[in-house]
Amino acid sequence: MNNRLHILLVLPGVLLVVALLVAPLYFVFLDTIPDLEHPFSLYEAFLEKGFHQKIIIRTIRVALITTMICVILAYPCAFFIARYARRFKAVLIVIAVFPLLLSPVVRSFAWMAILGKNGFVNDLLLFFRIIQEPVQMLYTEGAVIVGLTYLFLPLMILPLVGVIENIEEDLLDSAKSLGAKDIIVFFQIILPLSASGLLVGCILVFTGSLTAYTTPRLLGGDQAMTLSTLIYQNAMTLFEWDAASVIAIIMITLTILVMKIIGSLATRMNPDV
Amino acid sequence: MKKSVFFVLLILLSINGVIFAKEKLVISTWGYNGDLLKKYVYAPFEEKYDVEIVIESGNNAARLNKLKLRKGKGTDLIYLVESYTKDAIEAGLIAKIDRSNLPNVSQIYQLARAPFGNDYGPAYTVMRAGIIYDTAQISDPITSWNDLWRSNLAGKISVPNITTSAGPTIVLTAGRHVNVNAFNKPDLAFKSLRQMKNNVLKTYNRSSNLANMFAQGEISAGVALNFVFSRVKKAVPSAVWVDPVEGSYASLNTINVVKGSPNKELAEKFINHILSEKIQRDIALAGVDSPVNVNVKLSAKEAEGLTYGKDLIASFQDVDWGSVNSNKKVWIENWNEIFSN
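Chains D and S, in that order, give the protein sequences. The C-terminal position of the first sequence is numbered 970 in the numbering used here, with every residue numbered one higher than the one before it. The C-terminal position of the second sequence is numbered 614 in the numbering used here, with every residue numbered one higher than the one before it.
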């Protein structure tokens with residue numbers, strides 16, 4: 698009886714997920730199979746083009762670099778918020794989350810004003826005579842990575858704050874009292890014990906960067922075309938929904954693959970993850 | 274008692290709403306200048322025909338896509354640029370119009386009367402592609418399309434992306450630069466485009482992107498449709514508009530009745546309305562659209578920034594949008610190969 702009740706309670710949610718997530722994905726996948734004799738011909742046609750391979754590699758590269766930068770920047774922030782912020786913790790978390798509260802368009806235009814030839818960074822470099830004429834920063838892959846890092850950093854900080862808070866202070870003190878240097882404490886204690894938060898953060902940042910549309914479109918140049926911009930072009934300009942579906946399935950597969958890799962790395966750091 | 278009176282009133286009001294609800298005309302158009310269009314175009318029509326106009330806004334691609342997915346249902350009229358109009362006609366989404374309901378067509382320029390034949394809608398405005406450049410940054414004047422290949426413009430220009438209204442004309446221009454027709458010799462046209470690539474900092478998808486790039490000092494020159502110039506001029510006062518010596522390509526915006534529209538006759542009256550001398554003048558003076566009605570007379574100051582005048586309009590070169598559309602997929606792939614690599 699109890700089991701039946703559990704099933705009944707879960708059923709509406711499951712049906713909703715099946716109807717609104719699984720079924721649409723299934724139909725998107727079906728669109729990519731033209732016939733059973735050559736089921737993957739559309740994928741082959743897409744992947745054999747060197748230009749498409751470059752876009753896939755560029756998209757993964759941008760997502761991976763963004764994720765790595767977020768990890769490097771998020772650890773000190775998360776550690777400070779979790780350990781030392783005390784009564785300012787709530788304020789600092791709101792500040793950390795602030796980029797997520799802004800519209801992607803507003804955020805990107807702010808970066809345009811900062812990275813532009815007449816922007817703040819170029820003005821500063823010119824003022825200190827580090828450069829003689831403005832440097833092209835906008836409309837490059839670097840500008841996209843900066844924009845994505847700013848956007849997704851909170852998604853790395855928040856899960857890390859949660860796990861770092863739960864690491865016993867005594868454990869760190871014990872390690873230090875036994876002569877471990879700070880860097881050893883970080884790599885042998887903090888990193889393994891925060892692996893679950895790191896895993897969640899990496900998945901959120903990587904997936905978000907891989908599928909981001911507005912930031913690469915506004916801050917990136919033509920050479921920064923990514924899979925999501927290519928999907929838009931195929932669906933909305935060429936009305937080639939099959940090709941757009943192929944790219945969507947490739948993006949989903951890439952995301953699952955990278956999630957598995959990140960997951961296994963996290964398990965190697967801490968088998969309990 | 275009070276309750277029954279209340280319910281009777283409620284029922285009467287509902288019936289009144291159903292019986293006396295105004296007829297609705299659903300128009301799919303761009304989202305720009307909504308307030309001015311409401312004031313000068315929609316409101317007078319609503320008043321004259323006691324009808325309510327409902328606007329669906331978006332860019333060409335998004336609106337046409339929506340129309341395709343809904344098989345034309347729910348929309349009476351659609352504004353599109355030429356290439357998308359051709360696409361909509363080929364998809365069977367456009368109704369054949371009754372020209373006897375459009376007497377004002379006789380007052381508009383020949384090139385705007387029937388861009389896709391007498392069965393389909395006219396163009397209500399005309400634009401032209403040209404070059405905008407910042408005289409404060411470029412001392413050597415730009416006068417020709419060929420100047421876009423000048424080596425001293427490396428990384429200083431922007432052109433419309435091939436997926437935009439004016440994008441395909443860049444391929445045609447690249448062909449013309451090496452004296453070939455891009456439709457017949459696409460390889461040579463794209464080779465010529467590849468030579469221009471070094472000068473292109475970024476292609477743009479929205480006119481606001483171009484204005485921003487000028488404002489931020491990212492670019493010093495760009496190819497654009499004439500309506501963009503006023504925005505750029507506002508941001509960069511030293512910017513000037515150039516009609517290249519070889520002439521320009523015209524870009525027409527059309528209006529068509531959607532197939533299956535239950536308000537076809539009213540929709541045709543709307544087309545006739547926007548071609549009238551008064552509406553064309555009002556909208557030109559408001560700086561929204563260039564007039565195609567030959568009876569609209571504007572002073573040089575009033576015509577600033579508009580595509581106006583018989584001589585100018587006669588100098589335009591036709592674009593074969595049917596051929597552009599049939600080559601679109603290959604052209605976009607070639608374009609991506611050049612600019613995204």
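All C-beta atoms, glycine included, are put in the ideal place defined by N, C-alpha and C.
{"Check": "Near S/V314, what residues of its chain come up, given a Cβ to Cβ distance below 7 Å and the 5 sequence neighbours on each side ignored?", "Outcome": "I547, I552, I556"}
{"Check": "Within the 8 Å Cβ cut-off, does D/Q750 reach chain S?", "Outcome": "no"}
{"Check": "Counting only beta-carbon atoms, is D/T934 nearer than 8 Å to chain A?", "Outcome": "The structure shown contains no chain A; its protein chains are D and S."}
{"Check": "At 7 Å on the CB atoms, spell out the chain S contacts of D/M765, in chain order.", "Outcome": "None at all; the shortest Cβ gap to chain S is about 24 Å."}
{"Check": "Check the C-beta distance from S/F502 over to S/I405 and give it rounded, since I have them as a contact under 8 Å.", "Outcome": "6 Å"}
{"Check": "To the nearest angstrom, how far is the alpha carbon of S/F318 from that of D/M853?", "Outcome": "55 Å"}
{"Check": "Go through its chain and collect everything with a Cβ distance to S/W608's Cβ below 7 Å, but skip five positions before and after it.", "Outcome": "I435"}
{"Check": "Applying a beta-carbon distance threshold of less than 7 Å, which residues of chain S neighbour D/K814?", "Outcome": "Q489, G490, E491"}
{"Check": "Does the separation of the CB atoms of S/G394 and S/N614 fall below 8 Å?", "Outcome": "no"}
{"Check": "Give me the Cα-Cα distance between S/E355 and S/A335, rounded to the nearest whole angstrom.", "Outcome": "15 Å"}
{"Check": "Distance, Cα to Cα, S/F463 vs D/L712?", "Outcome": "51 Å"}
{"Check": "Please check the pair S/K601 and D/L935, which I expect to be a contact at CB under 8 Å, by giving their CB distance rounded to whole angstroms.", "Outcome": "7 Å"}
{"Check": "Below 8 Å on the Cβ atoms is my contact criterion, and I expect S/D396 with S/T527 to pass it. Report the Cβ-Cβ distance as a whole number of Å.", "Outcome": "Strictly speaking, residue 396 of chain S in this sequence is Ala, with Asp absent from that position. Sure, about 5 Å apart at Cβ, within 8 Å."}
{"Check": "Under 8 Å Cβ-Cβ, which residues of chain D neighbour S/E296?", "Outcome": "Within 8 Å Cβ-Cβ: nothing; S/E296 doesn't reach chain D, min ~32 Å."}
{"Check": "Is DSSP giving D/Q920 helix, strand or coil here?", "Outcome": "helix"}
{"Check": "Is it true that the stretch 361–374 of chain S meets the stretch 555–569 of chain S, where meeting means three or more beta-carbon pairs spaced less than 8 Å apart?", "Outcome": "no"}
{"Check": "What separation, rounded to the nearest whole angstrom, lies between the Cα atoms of D/N931 and S/N478?", "Outcome": "15 Å"}
{"Check": "Rounded to whole angstroms, what is the Cα-Cα separation between D/E838 and D/P913?", "Outcome": "8 Å"}
{"Check": "Mind listing the chain D neighbours of S/F463? Cutoff is C-beta to C-beta under 7 Å, in chain order.", "Outcome": "The contacting residues do not exist; S/F463 stays about 13 Å from chain D at best."}
{"Check": "Measure the beta-carbon distance from S/L353 to S/N332 and round it to whole angstroms, keeping in mind my assumption that it falls under 8 Å.", "Outcome": "In fact, because the Cβ distance is near 10 Å, the residues do not count as touching under 8 Å."}
{"Check": "Using the beta-carbon of each residue, which ones in chain S are nearer than 7 Å to D/D919?", "Outcome": "K475, T476, F612, S613"}
{"Check": "Counting only the same chain and skipping the five closest in sequence on each side, list residues whose C-beta sits under 6 Å from that of S/N472.", "Outcome": "L426, A427, I430"}
{"Check": "So if DSSP puts D/T700 in a beta bridge, which residue, or which two residues, is it bridged to?", "Outcome": "Note that residue 700 of chain D corresponds to Asn in the displayed sequence, not to Thr. Paired residue(s): none; D/N700 is not in a bridge."}
{"Check": "At a Cβ threshold of 8 Å, is S/T436 touching chain D?", "Outcome": "yes"}
{"Check": "Check whether the stretch 574–593 of chain S touches the stretch 896–908 of chain D, counting contact only when three or more Cβ pairs, one atom from each stretch, lie closer than 8 Å.", "Outcome": "no"}
{"Check": "Using a Cβ cut-off of 8 Å (strictly closer), state whether S/K341 contacts chain D.", "Outcome": "yes"}
{"Check": "Would you decide whether D/I828 is buried or exposed? Buried here means 16 or more other CB atoms lie within 10 Å of its CB.", "Outcome": "exposed"}
{"Check": "Considering only DSSP beta bridges, list what S/D407 is partnered with.", "Outcome": "S/A512"}
{"Check": "Give a yes or no on contact between the stretch 559–578 of chain S and the stretch 372–382 of chain S, applying the rule of three or more CB pairs nearer than 8 Å.", "Outcome": "yes"}
{"Check": "Have a look at the DSSP bridge pairing and note the partners of S/Y352.", "Outcome": "S/I528"}
{"Check": "Determine which residues share a DSSP beta bridge with S/T398 and list them.", "Outcome": "S/N526"}
{"Check": "As an exercise, report each continuous alpha helix (DSSP H) stretch of at least 4 residues that is fully enclosed by the stretch 852–892 of chain D, in chain order.", "Outcome": "866–874, 879–882"}
{"Check": "What residues in its chain sit with their C-beta under 8 Å from that of S/L217, if we drop five residues either side in the sequence?", "Outcome": "The structure shown has nothing for residue 217 of chain S, since chain S only spans 274 to 614."}
{"Check": "Does the distance from the CB of D/Y964 to the CB of D/R755 come in under 8 Å?", "Outcome": "In the sequence on display, residue 964 of chain D carries Thr and not Tyr. No, Cβ-Cβ distance for D/T964 and D/R755 is not below 8 Å."}
{"Check": "Taking 7 Å as the limit between beta carbons, can you name the residues of its chain near S/S563, skipping five residues before and five after?", "Outcome": "T398, V399, M400, A557, L579, T580, Y581"}
{"Check": "Would you kindly report the start and end of the unbroken beta strand (DSSP E) that includes S/L498?", "Outcome": "494–498"}
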